[in-house]
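Working notes for the structure below.
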Amino acid sequence: MKMREKTHELPFHVVKRDTMPFWKSMTIRIVAVVAALLLCSVLSVFMINANPFEFIETMIDGVLGSSRRLWKFAKDASVLLCIALAVTPAFRMRFWNIGAEGQTLIGALASVGVAYYLGDHVPNGPLLILMFVASILAGAIWGCVPAIFKAKWNTNETLFTLMMNYVASGLVAYFLLLWTPSGSSVLGALSVGHLPVIGHEYLL
Numbered sequence: 002m003k004m005r006e007k008t009h010e011l012p013f014h015v016v017k018r019d020t021m022p023f024w025k026s027m028t029i030r031i032v033a034v035v036a037a038l039l040l041c042s043v044l045s046v047f048m049i050n051a052n053p054f055e056f057i058e059t060m061i062d063g064v065l066g067s068s069r070r071l072w073k074f075a076k077d078a079s080v081l082l083c084i085a086l087a088v089t090p091a092f093r094m095r096f097w098n099i100g101a102e103g104q105t106l107i108g109a110l111a112s113v114g115v116a117y118y119l120g121d122h123v124p125n126g127p128l129l130i131l132m133f134v135a136s137i138l139a140g141a142i143w144g145c146v147p148a149i150f151k152a153k154w155n156t157n158e159t160l161f162t163l164m165m166n167y168v169a170s171g172l173v174a175y176f177l178l179l180w181t182p183s184g185s186s187v188l189g190a191l192s193v194g195h196l197p198v199i200g201h202e203y204l205l
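Going by our numbering, the sequence shown opens with residue 2, and the numbers climb by one from there.
See below:
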């Protein structure tokens with residue numbers, strides 16, 4: 002007598018959600034933001050005995066309290082949005098690229114390297130183009146490494162790209178030590194490779 006094969010069903014199933022109305026989508030986002038503020042307020046009361054309303058006021062003032070703070074917020078947010086946009090195609094293809102930080106660091110390192118070594122020999126206009134191209138190529142090459150390993154040896158791209166973030170951080174630290182003989186690891190602002198001022202200094 003053949004024994005029946007037992008099937009184990011998961012306690013839940015993940016299915017694709019139907020198209021959601023705009024009002025419902027916006028309501029979920031607003032509720033999520035309000036819930037996050039409430040949670041942070043509760044934590045502030047228990048952890049540092051702070052007034053929750055003052056906590057929220059301080060947080061908002063830290064972002065929108067002055068034109069300089071607002072500009073810094075917009076600058077940081079735009080960088081994060083560009084990084085998110087860059088990794089979206091990989092996520093859409095079910096490849097979990099967690100190495101955006103490393104690719105950004107390597108791109109920035111290549112750009113600064115071009116400015117550091119060629120800044121005194123190339124006019125500012127061509128130098129900016131070289132910095133731009135170098136950052137794109139370096140970030141793309143860094144992203145190709147886990148892609149090649151995934152295609153050839155079917156490695157786990159999540160772990161691979163995550164570990165490469167640490168390698169990128171190490172390379173940045175090494176070149177900072179190389180470029181700062183004093184050992185301060187603080188390169189400071191370079192005198193070359195600056196974008197022109199267009200209308201206002203905040204557009205730099």
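Note that beta-carbon positions come from the ideal geometry of N, C-alpha and C, so glycine has one too.
Query, Result
"Cβ separation of serine 45 and alanine 37, assumed to be a contact under 8 Å, to the nearest whole Å", "No, serine 45 and alanine 37 are not in contact; Cβ-Cβ is about 13 Å, not under 8 Å."
"Contacting residues, own chain, Cβ-Cβ under 7 Å from methionine 21 (five flanking each side not counted)", "none"
"Under 8 Å between C-beta atoms of glycine 100 and leucine 163", "yes"
"Segments of 4+ residues assigned as alpha helix (DSSP H) that fall wholly inside the segment 157–187", "158–180"
"Cα-Cα separation, leucine 177 to valine 134", "21 Å"
"Neighbourhood of leucine 191 by C-beta distance below 6 Å, restricted to the same chain and skipping five residues each side", "Ala116"
"Buried versus exposed call for asparagine 155 [16 or more other C-beta atoms within 10 Å across all chains shown]", "exposed"
"Integer Cβ distance of isoleucine 107 from alanine 87, believed to fall under 8 Å", "Contact flag wrong, Cβ pair sits at about 13 Å."
"Touching by the beta-carbon criterion (3+ pairs, under 8 Å), the segment 65–83 and the segment 109–128", "no"
"Sub-8 Å separation of methionine 165 and glycine 114 beta-carbons", "no"
"Cβ-based burial, threonine 105 [other Cβ within 10 Å; buried from 16]", "buried"
"Start-to-end residues for the alpha helix (DSSP H) that takes in isoleucine 137", "125–154"
"Status (buried if at least 16 other CB within 10 Å, exposed otherwise) for glycine 189", "exposed"
"Bounding residues of the alpha helix (DSSP H) (the contiguous stretch that carries valine 34)", "23–49"
"Same chain, Cβ closer than 6 Å to tryptophan 143, neighbours up to 5 away in sequence not counted", "Gln104, Ile107"
"Contact check, alanine 111 vs serine 136, beta carbons under 8 Å", "yes"
"C-beta contact flag for valine 193 and leucine 128 at 8 Å", "yes"
"Residues near alanine 109 by beta carbon distance below 7 Å, same chain, minus five either side", "Ser136"
"Per-residue DSSP class, three states only, for alanine 190", "coil"
"From Phe47, Ile61, Ser42, residue whose alpha carbon lies closest to that of phenylalanine 74", "Ile61"
"For aspartate 77, the three-state DSSP class (helix, strand or coil)", "helix"
"For glutamate 55, the nearest candidate out of Ser42, Leu65, Met48, Ala78 (CA to CA)", "Ser42"
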